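So the sequences go chain by chain: X and A. For the first sequence, the positions run 0 to 439 when numbering that gives the first Met the number 0 is used. For the second sequence, the positions run 0 to 439 when numbering that gives the first Met the number 0 is used. Don't be surprised by glycine CBs; every beta carbon is placed ideally from N, CA and C. Since this is a predicted model, take the numbers as computed values, not measurements.
Protein chains: 2
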Amino acid sequence: MASQQFEPPSGTRDFLAGALRTREHVFARIREVFERYGFEPLQTPAFERLETLTGKYGDEGDKLIFKILRRGEHEATGEADLALRYDMTVPLARVVANYGSQLPTPYKRYVMGPVWRADRPGRGRFREFAQCDVDVVGSSSPLADAEIVCAMADALDAVGVREFKILVNSRRALSGLLEAYGVPGELGGGVLITLDKLDKLAPEKVATELVEARSLPADIAKALVSDLTAEDAVERMRTALEDSEDGRAGVEEIDRLLDLATSKVGQARIAFTPSLVRGLDYYTGVIFEVVAEGMPGSIASGGRYDGLIAALGGPDVPACGGSLGVERIIGLLGDAAAQDERTDVALTVIAEETAAEVMGFAAALRDAGLRTEVYLAASRKLAKQLKWAADRKARFALIYGAADKEAGVVAVKDLDSGEQEQVPAAELAAYLTRRCVPTG
Amino acid sequence: MASQQFEPPSGTRDFLAGALRTREHVFARIREVFERYGFEPLQTPAFERLETLTGKYGDEGDKLIFKILRRGEHEATGEADLALRYDMTVPLARVVANYGSQLPTPYKRYVMGPVWRADRPGRGRFREFAQCDVDVVGSSSPLADAEIVCAMADALDAVGVREFKILVNSRRALSGLLEAYGVPGELGGGVLITLDKLDKLAPEKVATELVEARSLPADIAKALVSDLTAEDAVERMRTALEDSEDGRAGVEEIDRLLDLATSKVGQARIAFTPSLVRGLDYYTGVIFEVVAEGMPGSIASGGRYDGLIAALGGPDVPACGGSLGVERIIGLLGDAAAQDERTDVALTVIAEETAAEVMGFAAALRDAGLRTEVYLAASRKLAKQLKWAADRKARFALIYGAADKEAGVVAVKDLDSGEQEQVPAAELAAYLTRRCVPTG
């Protein structure tokens, strides 16, 4: 094993060719989908002014911000003035504030890139990791919410995650729920945080926590948990929510989203899920989470957050968005997404005096679009060079010595079949293009 | 104008859709070229351990490193433990040291991504900017040098920079030059630094600086400058270099490179340039720079640097590489490289009750690969929605109201010609795919 000093810093990763190609493949597929929806790409700097980020992520979040020391004469102060991007939403708010009328209305943007959080590194948890967000800023139309949900579903389809389900709820429906069950207003927030655990904890445990940690009367806790976990939970909720204005408005929001998204998503993959809460409290309308068979937690999520852009320093505009858990998705896909690049042609160099011509062949093959490599190590032994060609998983190896030059031919060895053919030098590119295309 | 607080930090840039697409287009073309050469991609973290970077870039460089404050209880110390990537070569040395035998031999890698330097921002000088490097680690073959030069030339061709010239020299030839003209050994480094200015300063000024700043005897200074700037400088140098071992070896290196690279690059675009020095002192063999008509300075450069990987903490392996000045190239290309994405189809939504079907049309058109947008703002006025479609530069706008629904047709308005057609809803995707393909 190599010495630790050469490893990447704790919580970060080096991506060598194989893993990097897989990631780029996933990103490219997602990008194609977002572009088809008319979302525009955006790229902001890796760091922002420290004050742009501070106070935006709560006390816990603030501690996880990587801060950059001031420079030059100010370095000795030990103070920071810049900080690494912690998410993609605060930079979005800054961009909307800065470019205002230069941006289309609504501003539909996608973003894919690293963010940095000084979290304790762990299995599947990194300090540098990719986020992939898509947002619509400046529209309060339910069509915008539906576009986000459809884009998420389409992106998952495109990267090969097909067994997923979109759980939908609404903040207003949740308010209506609390009202319908007589939850005292001041307990609402805590009750929702506990109810959010229904997908992980047993119902009794959730009921106990509601009573003990949230001070909810036991009868209300019991009724809430038993109705939310019942076979016919959706029907019970629909009935309960009829009794309050928020409840009715929430159900209407949800039904509208289901109606607008179904043609893309398919009825079986999207459903009103009354127990879905979502931890973050900035959502104001519909919320959703995408879960996949065999994956704990969610692989995508989002919702409407009309007050957030203003709270983050931007203008007061409605907005909604979604985030794909790309790191989890790449992990989920594993080897299925592996992108192996195969060398088409490996050129051996067995004689100094033919090297320039070999380089000429390489140029012609590359101009023809073939992935072509030239032997660059020191040995002049053909066997060693052919082993190199095989190690590079090349489909063809070329041999061109003094005798071949005299005859005006190149020996083309098919490394899959082992067969070897003499090809006139002038026809080489055409010959190999023909042979490489079918599986290339 | 927006308030300064919303601008990106000094020396950094937000890339909105147009500029970002241009950049991505340039990067994609370059990537295709490097892949055809069999170079592998690599991505390392944005930051490294501070000690990995410190001392690698000289005193001036060290001052320009962005350092990251320690976190948690250590934050108050004001100390840094991490630092933003300053170039791509130190991370390469760390990767070669860390992964050793997992990497192919030689290890041919390309890398494209941001680096960060706390330089004073200025015109065309940024604190976050992209570097694009290609290197071969573990080969001392002249073929490796030639591959680098050819890959650079091919990449420039691919992004549309065709009027360029590759200037070639060799560190050994430069040593031979100093020897041939009787430059005292201890003055050599300084003399080369001044000679490097021959492309910017008048010959007399360079001669004066050689005498005054470098303490070179006036007759040697005069002879050097007049021979290097003569019409027949190359012939004079070839003659002068015959007298020393370094000189002969250097010329041989250069001629070999010209011989191996000419088939790709073309004789007119590459030449031995005796006055080319290159500032950095880590080069050990051939060196090159690419200059383009009308651009001061170089747009690409590189050479052989056999001792550098070891000096940077890696194993002692030969290496050579090149760097494309992508920021300058993107600036040079300007609007010529602009990638405008045009919306194929803009869907209006003029009636609440047909919105779900409009979303269904959007899904079908996107599935057919068309860039499709749905009207997300609040107005229900057709004129306003058609103006939006025109603003989005859409080729077609669709209109689908209650009457259209009843008739089972969609009104398709060609926004270029202004013509409008009724298309049966079931044939919509096929119809628009056919109409969009020719110019899509």
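Within its chain, find whatever has a CB closer than 6 Å to the CB of Met111 of chain A; leave out the 5 residues flanking it on each side and keep chain order.
-> Phe26 and Cys131
Output the residue ranges of the beta strand (DSSP E) runs that lie fully inside the segment 223-304 of chain X and measure 3 residues or longer, sorted by chain position.
-> 269-271, 285-291 and 299-303
Using beta-carbon positions only, say whether Asp394 of chain X and Cys435 of chain X come within less than 9 Å of one another.
-> At residue 394 of chain X the sequence reads Arg, which differs from the Asp that was named. Contact flag set, yes.
Which runs of the alpha helix (DSSP H), 4 residues or longer, sit entirely within the segment 316-391 of chain A?
-> 325-332, 354-366 and 381-390
Which stretch, first to last residue, makes up the beta strand (DSSP E) that contains Met111 of chain X?
-> Tyr106 to Trp115
Taking only the alpha-carbon atoms, compute the straight-line gap between Gly330 of chain A and Glu162 of chain A and give it to the nearest angstrom.
-> 15 Å
Considering only residues of the same chain and omitting the five flanking positions on each side of Gly181 of chain A, which have a CB-CB separation below 7 Å?
-> Ile219
Which value, in whole angstroms, describes the spacing of the CA atoms of Glu31 of chain X and Gly37 of chain X?
-> 10 Å
Val190 of chain A and Leu209 of chain A look like a contact to me (Cβ under 8 Å); what is the Cβ gap, rounded to whole Å?
-> 6 Å
Interface partners of Phe5 of chain X on chain A, CB under 7 Å = Arg93, Ala96 and Asn97
Cβ of Thr53 of chain A less than 9 Å from any chain X Cβ?
-> no
Residues in the segment 115-141 of chain X with C-beta within 9 Å of chain A's C-beta atoms, listed in sequence order?
-> Trp115, Ala117, Arg126, Glu127, Val135, Gly137, Ser138, Ser139, Ser140 and Pro141
Under 8 Å by beta carbon: chain A residues contacting Ile67 of chain X | Phe65, Lys66, Ile67, Leu68 and Leu83
Output, in sequence order along the chain, the residues in the segment 258-278 of chain X whose CB is closer than 8 Å to any CB in chain A.
-> Asp258, Leu259, Ala260, Thr261, Ser262 and Lys263
Spatial distance of Ala1 of chain X from Ala96 of chain A (CA atoms) = Because Ala1 of chain X sits at a pLDDT of 47, beneath the cut-off of 50, its placement in the model cannot be relied upon, and the point is left open.
What span of residues does the beta strand (DSSP E) with Pro216 of chain X cover, start to end?
-> It is not in any beta strand (DSSP E) - Pro216 of chain X carries neither H nor E in the DSSP assignment.
Which of helix, strand or coil does DSSP assign to Phe26 of chain X?
-> helix
Residues of chain X with a CB under 9 Å from the CB of Asp153 of chain A: which are they?
-> Ala362, Arg365 and Asp366
Nearest chain A C-beta to Val190 of chain X closer than 9 Å, yes or no?
-> no
Identify, in the order they occur along the chain, each residue of the same chain with its Cβ nearer than 7 Å to the Cβ of Asp403 of chain A, setting aside the five sequence neighbours on each side.
-> Val409 and Ala410
With 16 as the cutoff for other CB atoms within 10 Å, does Gly296 of chain X come out buried or exposed?
-> exposed
From Ala16 of chain X to Gly137 of chain A, what does the alpha carbon distance come to, in whole angstroms?
-> 17 Å
Cutoff 6 Å; reference Tyr106 of chain A; Cβ partners in own chain excluding five residues on either side | Val136 and Gly137
According to DSSP, which residues form a beta bridge with Lys62 of chain X?
-> None; Lys62 of chain X has no bridge partner.
Could you please tell me which residues of the segment 371-395 of chain A, in chain order, have their CB closer than 8 Å to any CB of chain X?
-> Thr371, Glu372, Val373, Tyr374, Leu375, Ala376, Ala377, Asp390 and Arg391
Range covered by the beta strand (DSSP E) that runs through Arg171 of chain X = Segment Arg170 to Ala179 is the alpha helix (DSSP H) holding Arg171 of chain X; no beta strand (DSSP E) there.
Under the three-state reduction of DSSP, which class applies to Arg434 of chain X: helix, strand or coil?
-> helix
Could you tell me the distance, in whole angstroms, from the CA atom of Ala428 of chain X to the CA atom of Lys263 of chain A?
-> 14 Å
So what does DSSP say about Lys164 of chain X, is it helix, strand or coil?
-> strand
Quick one: Cα of Ala377 of chain X to Cα of Ser139 of chain A, how far?
-> 8 Å
Pull out every residue of the segment 29-43 of chain A whose Cβ sits closer than 7 Å to any Cβ of chain X, in chain order.
-> Glu34, Arg35, Tyr36, Gly37, Glu39, Pro40, Leu41, Gln42 and Thr43
Does Asp334 of chain A get closer than 9 Å to chain X when you measure Cβ to Cβ?
-> no
For the segment 346-355 of chain A against the segment 306-315 of chain A, are there 3 or more C-beta pairs whose distance is under 8 Å?
-> no
Establish whether the CB of Leu102 of chain A and some CB of chain X are separated by less than 9 Å.
-> yes
What residues in the segment 350-361 of chain X bring their beta carbon closer than 7 Å to a beta carbon of chain D?
-> The structure shown contains no chain D; the protein chains it does contain are X and A.
Pick from A:Gly60, A:Ala212 and A:Gly71 that is closest to Leu63 of chain X, judged by C-alpha positions | A:Gly71
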